[in-house]
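Below is one structure, written out as structure tokens; the observations come after it.
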């Protein structure tokens, strides 16, 4: 997001790679699991928007795994957009558009990017304030085509509780830097999803104590 937050060094680690590429170890670790999840819940074809694409490791893998989807990566950070485009070029996939500058915490973007059959968002909600989450989900709902799906992946509180020592430590490091951020409660995010007019399709436990929330825009 373009609004600046104070984040600890562990929040969004990306090392310098070859050329413009950045390398995020977490993206390398979770990419296969997220691809397997999308194979179960994503549409087979159409338009797909990735919010906060980060380094671009994910979208390059998504495009290769799901050639029927036309992928639009996005990120508000110019260095990350350059990395995304570098991974896209290296992949050789023709179904990845150039990365766009998108701050999904700002109202109004949903109308400009309407007609999406899939929107993906990985590892962001714990890094932004709850008010930004509300805007993001509301705008994502506007951007989805009827029958389109939203996939949110990342760490969450479960019914208000942190469920591992690692989650407790990471949440504490986030809130110590900026009390507006930190793990969001799964029930609170589900309430926002439903309040935006989407239907909760599935809640899926993922590796490393992460969670995936799958929502769908009613077809009519």
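In this note's numbering, the protein residues as written are 1 to 220. Backbone N, C-alpha and C fix where the C-beta goes; we use that ideal spot for every residue, glycine too.
With a CB to CB cut of under 6 Å and the five nearest residues on each side skipped, what residues in its chain are close to residue 147? Contacts found: 219.
Residue 194 versus residue 188: straight-line alpha-carbon distance, rounded: 10 Å
When you compare the stretch 164-174 with the stretch 134-143, are there three or more beta-carbon pairs, one atom per stretch, that lie closer than 8 Å? no
Helix, strand or coil at residue 122 according to DSSP, with G and I counted as helix: strand
With DSSP as the reference, identify every bridge partner of residue 205, one or two as the case may be. 211
If I measure Cβ to Cβ from residue 64 and keep anything under 7 Å in the same chain, skipping five residues before and after, which residues do I get? Same-chain partners within the cutoff: 91, 93.
Tell me the DSSP bridge mates of residue 48? As a beta-bridge residue in DSSP terms, residue 48 pairs with 71, 118.
Specify whether the stretch 36-44 and the stretch 72-91 touch according to this definition: at least 3 beta carbon pairs, one from each stretch, less than 8 Å apart. no
Once DSSP output is grouped into helix, strand and coil, what is the label at residue 102? coil
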